[in-house]
Structure formats: structure tokens, C-alpha cells
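Undergrad:
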Amino acid sequence: MLIDTNVWSELTRPRPDAKVLNWITAHFDKCILSAMVIAEMRYGIAFADDPARRIRLQTFHDDLLGKFRVTPFDDRAAAAWGPMRADLQRRGKLIGERDMLIAAHALALDTPLVTRDVSDMAKTGTTIINPWDV
1 MLIDTNVWSE LTRPRPDAKV LNWITAHFDK CILSAMVIAE MRYGIAFADD
51 PARRIRLQTF HDDLLGKFRV TPFDDRAAAA WGPMRADLQR RGKLIGERDM
101 LIAAHALALD TPLVTRDVSD MAKTGTTIIN PWDV
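Under the UniProt record's numbering, think of the first position of the sequence shown as 1, with each following residue one higher.
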């Protein structure tokens, strides 16, 4: 299951939501780390103004990289993204570009996308799991 940035971000909070923490713990061995999510995380680290927060985010990021294989955004994901974006645009339902790339990556991997952003991601046709609602 491809884990969206907002799920990983929840785990960086001082007191993460217990449902999310329990869900990740129960499904740890099935979690996939997308290169697109890594890019968003690196942006968040670089953008953090507070040095202590930046260090905490970098440590969390490095820990994730040590535990999960990063799955590259490849030609299959690109092939899923093109028709997805065209369909969303035709229907007037475009979502954020990075969100589309992450959804396309999950679709190409034929795996659910684990996210809190259900309303936007559901428009993509990707199977969605919301760990806040489980």
C-alpha cells in the first residue's frame, strides 16, 4: 500500500493520532514509499523555518529511508498519470499536480493509496484507505 505524505506527516507530530499509528503498525510490512512522497517530504524539510523542526523531520525522513524501499515513479506510473489527468480535466475535477502523480503511482502499482485526502484522491479512480477512519 502506497502511503501518502499526509500519513507520514501525522507520525511526525508530538502526539500522532492513535488510529493512524495503530494502522501503520498493523500494516508496516505492506507499506510502500513513493519517490513522489519523498520529494514532498524533502520540500517540507527544506521549507521548515524552525531548525529543531527541520532536524526532527530530517531524522524521521532518514529513518523511513532506512526501513522502506523507495519505489521510483517510472514509465508505468507516467502512463497512468496521462489518462488520469486528461479524465480529471475533462470532468472539471482537477486536483493538485503532486496529488495526481502520487495517485497515478498507486494506480500503476495496483495498490491502495493510504491518505487522509479522500475527497480529492477518490476522483482519480485509485482505491483509497483512510487510516483516520479505520
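Here a beta-carbon is modelled for each residue, glycine too, at the ideal position from N, C-alpha and C.
(1) Note down, in chain order, each residue of its chain lying with its Cβ closer than 8 Å to the Cβ of Leu11, except the 5 sequence neighbours on either side.
(2) Between Arg56 and Leu33, how many whole angstroms is the CB-CB distance? I'm expecting something under 8 Å.
(3) Between which two residues does the alpha helix (DSSP H) containing Arg90 stretch?
(4) Got a sec? Which residues, its chain only, sit under 7 Å from Thr5 by beta carbon, not counting five neighbours each side?
(5) Give the straight-line distance between the Cα atoms of Trp81 and Leu101, rounded to the nearest whole angstrom.
(6) Could you check where the alpha helix (DSSP H) with Leu102 kicks off and where it finishes?
(7) Considering only the alpha carbon of each residue, which of Asp117, Arg98, Gly125, Gly44 lies closest to Thr111?
(8) Locate the alpha helix (DSSP H) running through Thr5, then write down its first and last residues.
(9) Which term fits Asp75, buried or exposed, when burial requires 16 or more other beta carbons within 10 angstroms of its beta carbon?
TA: This is what the structure holds:
(1) Counted from its first residue, the sequence shown places residue 11 at position 11. Result list for Leu11: Val20, Leu21, Ile24, Phe60, in chain order.
(2) Mapped onto the sequence shown, residue 56 falls at position 56. Mapped onto the sequence shown, residue 33 falls at position 33. About 19 Å; that fails the 8 Å criterion.
(3) Here residue 90 refers to the residue found at position 90 of the sequence shown. 75 to 90 is the span of the alpha helix (DSSP H), which, as asked, contains Arg90.
(4) Here residue 5 corresponds to residue number 5 of the sequence shown, with the count starting at 1. Excluding residues within five positions, the ones whose Cβ falls inside 7 Å are Val37, Glu40, Met41.
(5) Start at 1 with the first residue of the sequence shown, and residue 81 comes out as number 81. Start at 1 with the first residue of the sequence shown, and residue 101 comes out as number 101. Rounded to the nearest angstrom, the two C-alpha atoms are 6 Å apart.
(6) Here residue 102 corresponds to residue number 102 of the sequence shown, with the count starting at 1. Here residue 102 turns out to be Ile, not Leu, going by the sequence shown. That run of the alpha helix (DSSP H) goes 97 to 109.
(7) In the sequence shown, counting from the first residue as 1, residue 111 sits at position 111. The residue with the shortest Cα to Cα distance from Thr111 is Gly125.
(8) Taking the sequence shown and counting its residues from 1, one reaches residue 5 at position 5. 5 to 10 is the extent of the alpha helix (DSSP H) around Thr5.
(9) Within the sequence shown, residue 75 is the residue found at index 75, counting from 1. Exposed, because fewer than 16 other Cβ atoms sit within 10 Å of the Cβ of Asp75.
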